[in-house]
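From first to last, the protein sequence lines stand for chains A, B and C. Sequential numbering of the first sequence, starting at 27, is according to this note's numbering. Sequential numbering of the second sequence, starting at 2, is according to this note's numbering. Sequential numbering of the third sequence, starting at 3, is according to this note's numbering. In what follows, a structure is listed as structure tokens, so that the remarks can point back to it.
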Amino acid sequence: MRTRTRIVIPALVAAVAVGTAACGGSSGGGGPTAAASAPPTVSGTIEFWHFFTDREATVIQGVVDDFEKANPGVKVVVKSGQDDQKMRQAISAGQPIDVALSYSTDQVGPLCSSGDFTDLTPFIERDKVDLTQIPKTVLGYTAYAGKRCSMPALADVYGLYYNKDLLSAAGYTQPPKTLSELSDMAVKLTKYNADGSIKQLGFMPLLGYYENAEAHWGPSADAQWLKEDGTSAIGSSPGWQTLLTWQKDLIERLGGYAKLAKFQAALGEEFSAQNDFQTGRVAMNLDGEYRTAFIADQAPKLSYGTAPFPSAQGFESTYGGGYITGNIVGIGKGSKNPEAAWAFIKYLTTDTDAQVKLANGLKNVPTTHDAITSPQLQLPEQFKTFLDIFENEHSSTTPPSSIGAEYQTIFGTHTAKWQQGKVADLPGMLKQVDSEIDAAVKLQAGS
Amino acid sequence: MASAIGRRRTRVAWGFLGPSVLGMLVFFVFPLVMTVYYSFTSFDLSNPPRWNSFANWKFLFGGDPLIGQATFNTLWFVAILVPVRIAGAMLVAWALTRARTASGALRTLYYLPALIPPVASTIAFVFLLNPATGPVNKLLGAVGIEGPGWFTSPAWAKPSLVLLGLWVLGDIMIIFLAALLDVPVEQYEAAELDGANGAQRFRHITIPNMAPVLMFSLITGIIAALQYFTEPAVASSTAMGKAAVGEGASGMLGWPDQSTLTYGQLLYQKAFGANLFGYASAMAVVLFVAAGVVTAVLLRRFSSFTPEVAA
Amino acid sequence: MSASTLTRPQASGAAPRRRTRVVEGTPWRRRSPLVFVADHALLIALAVMFVAPFVFVLLTAVMSPEQAGTSFSWPTSWHWDNFAQVFEKLPMLKYFGNSFLYAGLATLFMLVSSVPAGYALARIRFRGSRLYFFAIIAMMLLPPQVTSVPLYVMWSRLGLTGSLWPLILPNLLGDAFSIFLLRQFFLTIPAEYSEAARIDGCGELRTLWRVILPMARPGIAATSIFLFFASWNDYYGPLLYTSENESAWPVSYALAQFRGSRSVDWNLTMAATLIAMVPVVLVFLLAQRAFVRGVTLTGVKG
Chain A
27 MRTRTRIVIP ALVAAVAVGT AACGGSSGGG GPTAAASAPP TVSGTIEFWH
77 FFTDREATVI QGVVDDFEKA NPGVKVVVKS GQDDQKMRQA ISAGQPIDVA
127 LSYSTDQVGP LCSSGDFTDL TPFIERDKVD LTQIPKTVLG YTAYAGKRCS
177 MPALADVYGL YYNKDLLSAA GYTQPPKTLS ELSDMAVKLT KYNADGSIKQ
227 LGFMPLLGYY ENAEAHWGPS ADAQWLKEDG TSAIGSSPGW QTLLTWQKDL
277 IERLGGYAKL AKFQAALGEE FSAQNDFQTG RVAMNLDGEY RTAFIADQAP
327 KLSYGTAPFP SAQGFESTYG GGYITGNIVG IGKGSKNPEA AWAFIKYLTT
377 DTDAQVKLAN GLKNVPTTHD AITSPQLQLP EQFKTFLDIF ENEHSSTTPP
427 SSIGAEYQTI FGTHTAKWQQ GKVADLPGML KQVDSEIDAA VKLQAGS
Chain B
2 MASAIGRRRT RVAWGFLGPS VLGMLVFFVF PLVMTVYYSF TSFDLSNPPR
52 WNSFANWKFL FGGDPLIGQA TFNTLWFVAI LVPVRIAGAM LVAWALTRAR
102 TASGALRTLY YLPALIPPVA STIAFVFLLN PATGPVNKLL GAVGIEGPGW
152 FTSPAWAKPS LVLLGLWVLG DIMIIFLAAL LDVPVEQYEA AELDGANGAQ
202 RFRHITIPNM APVLMFSLIT GIIAALQYFT EPAVASSTAM GKAAVGEGAS
252 GMLGWPDQST LTYGQLLYQK AFGANLFGYA SAMAVVLFVA AGVVTAVLLR
302 RFSSFTPEVA A
Chain C
3 MSASTLTRPQ ASGAAPRRRT RVVEGTPWRR RSPLVFVADH ALLIALAVMF
53 VAPFVFVLLT AVMSPEQAGT SFSWPTSWHW DNFAQVFEKL PMLKYFGNSF
103 LYAGLATLFM LVSSVPAGYA LARIRFRGSR LYFFAIIAMM LLPPQVTSVP
153 LYVMWSRLGL TGSLWPLILP NLLGDAFSIF LLRQFFLTIP AEYSEAARID
203 GCGELRTLWR VILPMARPGI AATSIFLFFA SWNDYYGPLL YTSENESAWP
253 VSYALAQFRG SRSVDWNLTM AATLIAMVPV VLVFLLAQRA FVRGVTLTGV
303 KG
């Protein structure tokens, strides 16, 4: 027993010494860099992390297979189902992740400023990648503070889904264009059980339900998040008050928070066949363009339409816009094989065939001009709406920030109380949100 | 005793303790020192820590909008969950001592929930107490009671966790049972001859005999409540029922309304969600001080209980 | 809160004193039939309350996904194949394998490092033993969140995050709770045995190996079971170190992901929940005597 511990202990002591010594300094700086000229062929193994699961992961795998076929020397090891938090944790912990694909633009700020994602500019300039292929807003959300550390790999666009059968049964032929129309229709489309509980809901006004999020509502009232200097603009942007006041009114008209919360407690899993919109429990729903693929897969008989999300009162001129976000992909700072990683990213984000294949499989919006106009795109009729929203000038996204999505989380802690009717002073609440976000920005800056 | 033998013995003892001494240095002393150091730095794990003097501490005591709620929730669990579990365990253990038959089988039955993974028991409870699909509110409805929202309601989420804590009270119950069976029968008989009633016997015989066990359960219970993490974390993510693809675990901690956000969860979120390792370290120092005070009370008890080590 | 998350110290209690009532359930005085009925009504009510959740979980586990998503009612059709489906849809065997790796190796490593330490604290008189014992207790009561950050940094610099090793390896350097528990056990073995062995010329190691260990078998079994259960049920550790690497997930962590991020319906979640309970319950039923003895023999030594 003793000899055994004797062997083990020095090994551990050595290991720990390495650990502590590395704690003071280490990492940072350096990182993967581009070679002076592009290598004729790339080889080796790269690790590729993405967040997709199930059917969508299969689609991604198809493109990975194509890439491997085109580059026989490269083996791509795929880790699916990785959320942003885990991915960032792993990259900053120094794990050798070559290519990381994140679902949201929120992490671009921290990923660029911390150096977790390598600056891609040297690769882009060396290989003369044509960035004019990519729409300007998309270019905007994939860089932070002038540093291009990620490339866009398809975009997500949000709009309104409506159940045609349920709407026509209630006498409607058109989807709502304003939030007040949405409210009226939602009330009329809602049916109750004998015990007073909700049987069928016209539209769910509670934030936190599926894709109901402040960020996704924001564009319908041109609501702003951050000022130029990175501090909060929420309190000073009139859109938020308009949106939250509308929300509260609809909650009351549908029977109050408690009733809706109980309905929400029985929700079907968002990405399973039990999704409330797919089962007809909910008549109208805010969702991303990818829902068309889930419906085709899980509820092919559903008769539904899509439209831009309605506009708030006073913001009718912005109708047609919506929330845009996108998948971003970059090279982790621990990458041991940056050339192969870059080759894969270039394939994923600029190759028209790859973009089209992904768009057809995931039913996401492609992010290069050639792919958007490609005749190979096979998209359902309902998808066209999202291409229009994508190109609409009133569409917007959540701005990148040094604190990532934290500013949205802080806002969310307050709106959660608001929608329960626990907040009397709305302007005061929004001012409080401002000061909390500003304090978090300050702490992140380290002062 | 010859000092040569004493020295040799000390050497042998420390040889036996060698690995654990190293373990104590690596997993106790070293991290504590580093935690204190990090608490004065801005540290995102990707880059080396940067000294920022008291910025974290200022944010801790006058900037963090959630730490008040997290501290309150944690103290709520210390004040409610711990005593309720101890009282419940006492009742169940007492009932078991009254069993004429099948006491062994009953004991196993009462104890089983405490064994299963807390993740499993929490998920089970979130389902049982689901206001729309769960059997509990269905049963309540059958007798004309409108059940509350349980884990989905900010007011009921913490009490729901107390119910869960009661279901898994077997861990304390089994200790109490042993202690109860250990109370000398003669004391009860003498008290009854003196005309003491049941309540008096409980107060003057049972409680004093149980004192060390009660004290131990109380202290370890408080320490556990200070670091309460798994059940509230799993309960909120499960009850929220929202697919968190891409979003990470931290966004939903404490749902609904941070009503179950504990200090330990906030610390985890700040470190591993927001990459604010410096700030999380400041929070850790505070947690250490709190746990240290409770531990000191326990150690004082131990110093009066620990017998001299036999030669 | 259950035994495992409530930090294992909860599982400690009083040592038996003399004058123990040996026969369990023997009333200390005769009771009237009315009291007997009242007592047993309470016992049965308690039994129903403790068992009911298991029954409801089982009923849900065999429902169709549609029924499991609506107001609770008796299963309209029985889908026993849900249990098989859990294994088809999710890599349950992999999760179980990881759990066994974690709990098994942690226990093995703990024994190697902690048995001699517990023995030294209990039976060798040496300078600093008392102070060291207190240090062990302080370490055992330390909330894991306090040291998470520096330890995570350390393991990440060693390149071991994304695996279970940061949770397994520390046991090679002693586990505070196990050392504490083993010490309490060794104290119950009369000191005369080790004395006699020493007089016969045995060194401390031989004394421990040949004389004490065989007598301490129940204690060692109990300590092992405690650590095995604690590792099996652990959630915080795997969350910290394995969350980004699904192939390293133990079952207790994986289970928490089904509802939140894997879109698994309630019926399959409940089936998986039941499956996750099976190993601990089996181990408990097999080793119940050692386990209960372990619980009741530890703790505050009077």
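Note that CB positions come from ideal geometry on N, CA and C, so glycine has one too. All values reported here derive from a predicted model rather than from experimental measurement.
- DSSP places I357 (chain A) inside the beta strand (DSSP E), whose first and last residues are I350 to I357.
- Within the stretch 208-278 of chain B, the complete alpha helix (DSSP H) segments at least 4 residues long are 208-227, 231-241 and 264-269, listed from N- to C-terminus.
- Residues of the same chain with a CB within less than 6 Å of the CB of S361 (chain A), apart from the 5 flanking positions on each side, are P58, D124 and A367 in chain order.
- Within the same chain, Q259, L262 and L267 come within 7 Å of L67 (chain B) by CB-CB distance, once the 5 residues on both sides are set aside.
- Distance from the Cα of W251 (chain C) is smallest, within the candidate group C:S34, C:F38, C:L92 and C:F85, for C:L92.
- For V83 (chain B), the enclosing alpha helix (DSSP H) starts and ends at V83 to T98.
- The Cβ of D80 (chain A) sits no closer than 7 Å to any Cβ of chain B.
- Linking L215 (chain C) to M142 (chain C) through their CA atoms gives a straight-line distance of about 24 Å.
- In this structure, DSSP gives P326 (chain A) a state outside helix and strand, which the three-state scheme calls coil.
- Close to Y269 (chain B), with beta-carbon spacing below 7 Å, lies no residue of chain A; the smallest spacing is near 11 Å.
- For the C-beta of R51 (chain B), the chain A residues within less than 8 Å are, from N- to C-terminus, G472.
- In this structure, the CA atom of A338 (chain A) is about 15 Å from the CA atom of A239 (chain A).
- A Cβ-Cβ distance of about 4 Å is found for the pair A309 (chain A) and L192 (chain A), placing them in contact under the 8 Å criterion.
- Of all residues in the stretch 164-186 of chain C, only P172, L174, L175, G176 and I181 place a beta-carbon less than 7 Å from a beta-carbon of chain B.
- Taking 3 residues as the minimum length, the beta strand (DSSP E) runs contained wholly in the stretch 146-200 of chain A are 177-189, in order along the chain.
- Contact between T239 (chain B) and Y237 (chain C) does not hold, since their C-beta atoms are separated by about 12 Å, which reaches or exceeds 8 Å.
- Put simply, the backbone Cα of N131 (chain B) is about 22 Å away from that of Y255 (chain C).
- Distance between P152 (chain C) and I201 (chain C), taken at the CA atoms: about 47 Å.
- For chain A, the residues of the stretch 115-137 of chain B that bring a beta carbon within less than 9 Å of one of its beta carbons are N131, P132, A133, T134 and G135, in chain order.
- The alpha-carbon separation between E342 (chain A) and G348 (chain A) amounts to approximately 13 Å.
- Secondary structure of D110 (chain A) (DSSP, three-state): helix.
- At a cut-off of 7 Å between C-beta atoms, A119 (chain A) counts as an interface residue with respect to chain C.
- G352 (chain A) and D182 (chain A) do touch by the CB rule: their CB atoms are close to 6 Å apart, below 8 Å.
- For the stretch 51-83 of chain A, not one full-length alpha helix (DSSP H) segment reaches 4 residues or more.
- Classified as exposed, D156 (chain A) has fewer than 16 neighbouring CB atoms from the shown chains inside 10 Å of its CB.
- Taking a Cβ-Cβ threshold of 7 Å, the residues of chain A close to G274 (chain B) are Q111, in chain order.
- Among the residues of chain B, those whose CB is under 7 Å from the CB of E432 (chain A) are A275, following chain order.
- In this structure, DSSP gives W234 (chain C) a helical state, which the three-state scheme calls helix.
- The alpha-carbon of P231 (chain A) is positioned some 45 Å away from that of W52 (chain B).
- The alpha-carbon separation between I436 (chain A) and T424 (chain A) amounts to approximately 14 Å.
- Note on E73 (chain A): 16 or more other CB atoms within 10 angstroms of its CB, so buried under the neighbour-count rule.
- Straight through space, the alpha carbons of V298 (chain B) and F136 (chain C) are spaced by roughly 12 Å.
- Around the beta carbon of T84 (chain A), fewer than 16 other beta carbons sit within 10 angstroms, so the residue counts as exposed.
- For N311 (chain A), the enclosing beta strand (DSSP E) starts and ends at V308 to G314.
- For the stretch 52-74 of chain C, the residues whose beta carbon sits under 7 Å from a beta carbon of chain B are, in order, F52, V53, P55, F58, V59, T62, G71, T72, S73 and F74.
- Contact annotation: in the stretch 239-251 of chain C, residues whose CB is within less than 8 Å of a CB in chain A are S245, E246, N247 and E248.
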